[in-house]
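Before any comments, here is the structure.
2 protein chains.
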Amino acid sequence: MIKGILFDLDDTLYNSSEFVEIARREAVKSMIDAGLNIKFEEAMGILNKIIKDKGSNYGKHFDDLVKAVLGRYDPKIITTGIITYHNVKVALLRPYPHTIKTLIELKAMGLKLGVITDGLTIKQWEKLIRLGIHPFFDDVITSEEFGLGKPHLEFFKYGLSRMGLKPEETVYVGDRVDKDIKPAKELGMITVRILKGKYKDMVDNKYSDYTIKSLQELVDIVKNLKQ
Amino acid sequence: MIKGILFDLDDTLYNSSEFVEIARREAVKSMIDAGLNIKFEEAMGILNKIIKDKGSNYGKHFDDLVKAVLGRYDPKIITTGIITYHNVKVALLRPYPHTIKTLIELKAMGLKLGVITDGLTIKQWEKLIRLGIHPFFDDVITSEEFGLGKPHLEFFKYGLSRMGLKPEETVYVGDRVDKDIKPAKELGMITVRILKGKYKDMVDNKYSDYTIKSLQELVDIVKNLKQ
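In order, the protein sequences belong to chains A and B.
Using the working numbering, the first residue of the first sequence is number 1, and each one after it goes up by one.
Using the working numbering, the first residue of the second sequence is number 1, and each one after it goes up by one.
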């Protein structure tokens, strides 16, 4: 008997890959306009290396980019990048098509819904609130809260216990085979892989019980599972 | 011979007192709507005490408010407050009337213009960029950069040296007698007090060379001083 669904957030409920790419590119363009004296593609190369080295939650990507290019701290250029990034975020953050309709139907079926996500708690909550979908979720579990993220099985176990769910009565929905679907399957959850974001072409014949292209397909899957 | 003007930022170039008050009130209202179980005026009392105790740049005001009211950390409520505060900031940050026209005229007179302000560098730059007036200023000097703020004379001396200005050739424009006008006068600058913000009713017969109600009055003052 299916009692609940755990969702990944980034690239599962909204287009994170696209938003982040556009926000970074627009931020770099605005920094060049503010005086960062470098060609655009070269700046993107440096920025992507900084993000790869320091991680996406480092918080000083633009500071390091400016220092790498100009050899000094320049608050005007850094702040210009931060503001542009933020403006793009506010403008572009919205759920994938059919997401809200699907969540309404799933709640109407009496299911517990939760989000389990890698990232900083306030940052992930900001996305959910700006996406306007936070009231659908009974709980939101972040790797920052637990101290360990995906694909660690302990993190998924912690998420299930916070939700009061057993693995076999839980559907897991995520986009990444390695970090979402494989550990969820290993714990005994019913796994639904959504083909979205930059990992959508990864092949998997082993861990996904279902593969969907749009979240709305989830409604029929859960209906069949509940019978 | 007047060569430059140093401006205070908050409540001198835009209505900081009003913006901060509205942003805090709206943030608290949204937090109550998100589940902060307390009466509005009581919440504002607690928040104002936290801000008074920890300072305005503390960064965890809403975290502390939620902990004080609920006895626990609640990321949904905290993030709701942060987003509302930010949305109000984006909506309300604009210069006082006549500010941009006045800055255009002052630049056309060949003057160096600078901002000297207490606060965090990125935060003060964010205000200037969102206000759209940052291109008028040859330099922006913050207390965070210097390590010491107003009314310390050293901070004003540091600002003058960054601008390449001597006190006697510099006009200082600010709203506060104690933190702006008094130290500027003591250093030998020509002081212009603008009657704006929450300190506008403070009486001063000693340190203000000029008192203005709107920034545009500055143009005639400087014209006369340059003759």
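Note that the Cβ used here is the ideal one computed from N, Cα and C, for glycine as well.
On a predicted model such as this, the values are computed, not experimentally measured, just so you know.
Outcome for residue i when other beta-carbon atoms lying within 10 angstroms are tallied against a minimum of 16
{"i": "B/Gln227", "result": "exposed"}
{"i": "B/Val90", "result": "exposed"}
{"i": "A/Ser30", "result": "buried"}
{"i": "A/Gly114", "result": "buried"}
{"i": "B/Val203", "result": "exposed"}
{"i": "A/Lys182", "result": "buried"}
{"i": "A/Lys101", "result": "exposed"}
{"i": "B/Tyr58", "result": "exposed"}
{"i": "A/Arg72", "result": "exposed"}
{"i": "A/Phe40", "result": "exposed"}
{"i": "B/Ala108", "result": "exposed"}
{"i": "B/Lys52", "result": "exposed"}
{"i": "B/Ser208", "result": "buried"}
{"i": "B/Lys213", "result": "exposed"}
{"i": "A/Leu215", "result": "buried"}
{"i": "A/Asp74", "result": "buried"}
Cα-Cα separation, residue i to residue j
{"i": "A/Leu6", "j": "A/Asn224", "result": "18 angstroms"}
{"i": "A/Tyr199", "j": "A/Thr142", "result": "21 angstroms"}
{"i": "A/Ile22", "j": "A/Val28", "result": "10 angstroms"}
{"i": "A/Val69", "j": "A/Asn48", "result": "14 angstroms"}
{"i": "A/Thr211", "j": "B/Glu18", "result": "53 angstroms"}
{"i": "A/Val66", "j": "A/Gly55", "result": "17 angstroms"}
{"i": "A/Thr191", "j": "A/Asp63", "result": "40 angstroms"}
{"i": "B/Ser16", "j": "B/Gly197", "result": "7 angstroms"}
{"i": "B/Lys150", "j": "B/Tyr172", "result": "13 angstroms"}
{"i": "B/Asn37", "j": "B/Glu145", "result": "40 angstroms"}
{"i": "A/Asp118", "j": "B/Arg193", "result": "51 angstroms"}
{"i": "B/Lys60", "j": "A/Glu42", "result": "37 angstroms"}
{"i": "A/Phe136", "j": "A/Lys112", "result": "9 angstroms"}
{"i": "A/Leu165", "j": "A/Ile46", "result": "44 angstroms"}
{"i": "A/Asp178", "j": "A/Ser161", "result": "22 angstroms"}
{"i": "A/Ile50", "j": "A/Gly110", "result": "45 angstroms"}
{"i": "A/Asn87", "j": "A/Leu148", "result": "31 angstroms"}
{"i": "B/Pro95", "j": "A/Ala34", "result": "21 angstroms"}
{"i": "B/Gly159", "j": "B/Ile116", "result": "7 angstroms"}
{"i": "A/His152", "j": "B/Ala184", "result": "59 angstroms"}
{"i": "B/Met189", "j": "B/Gly4", "result": "10 angstroms"}
{"i": "B/Asp220", "j": "A/Gln124", "result": "52 angstroms"}
{"i": "B/Val20", "j": "B/Pro97", "result": "18 angstroms"}
{"i": "B/Arg25", "j": "A/Lys206", "result": "53 angstroms"}
{"i": "A/Leu218", "j": "A/Met44", "result": "37 angstroms"}
{"i": "A/Ile32", "j": "B/Ile122", "result": "18 angstroms"}
{"i": "A/Pro167", "j": "A/Glu154", "result": "13 angstroms"}
{"i": "A/Leu195", "j": "B/Leu195", "result": "60 angstroms"}
Partner residues on chain B for residue i, Cβ-Cβ distance less than 8 angstroms
{"i": "A/Glu230", "result": "Missing from the structure shown is residue 230 of chain A; chain A here goes from 1 to 227 and no further."}
{"i": "A/Ile83", "result": "Glu126, Ile129 and Arg130"}
Proximal residues of chain A, C-beta to C-beta of residue i below 7 angstroms
{"i": "B/His98", "result": "What B/His98 touches in chain A: nothing, since even the nearest Cβ is about 24 angstroms away."}
{"i": "B/Lys76", "result": "Trp125 and His134"}
{"i": "B/Thr79", "result": "Ile122, Trp125, Glu126 and Ile129"}
Whether residue i touches residue j by CB criterion (9 angstroms)
{"i": "A/Asp201", "j": "A/Asp11", "result": "no"}
{"i": "A/Leu187", "j": "A/Phe156", "result": "yes"}
{"i": "B/Val126", "j": "A/Thr84", "result": "Rather than Val, the amino acid found at residue 126 of chain B in this sequence is Glu. It is not a contact, given that the beta carbons lie outside the stated cut-off."}
{"i": "A/Thr99", "j": "A/Leu13", "result": "yes"}
{"i": "A/Asp163", "j": "A/Asp180", "result": "Reading off the sequence, residue 163 of chain A comes out as Met, not Asp. Going by C-beta atoms, A/Met163 is not nearer than 9 angstroms to A/Asp180."}
{"i": "B/Leu93", "j": "B/Leu131", "result": "yes"}
{"i": "B/Ile133", "j": "B/Leu103", "result": "yes"}
{"i": "A/Glu105", "j": "A/Ile2", "result": "no"}
{"i": "B/Lys76", "j": "A/Val222", "result": "no"}
Residue-chain proximity (residue i, chain C), Cβ-Cβ < 9 angstroms
{"i": "B/Ile82", "result": "Of the chains in the structure shown, none is chain C; the protein chains are A and B."}
Exercise for the section: May I have a chain-ordered list of the alpha helix (DSSP H) segments no shorter than 4 residues that lie completely inside the region 7-69 of chain B? Expected result: 16-33 and 40-54
Exercise for the section: Quick one: which unbroken alpha helix (DSSP H) runs of 4-plus residues sit fully inside the region 94-143 of chain A? Chain order, please. Expected result: 99-108 and 121-131
Exercise for the section: Report the residue ranges of all beta strand (DSSP E) runs contained in full by the region 200-226 of chain A; include only those spanning at least 3 residues, in chain order. Expected result: 210-212
Handout entry: Complete beta strand (DSSP E) runs within the region 163-190 of chain B (minimum length 3 residues, chain order)
Key = 170-174
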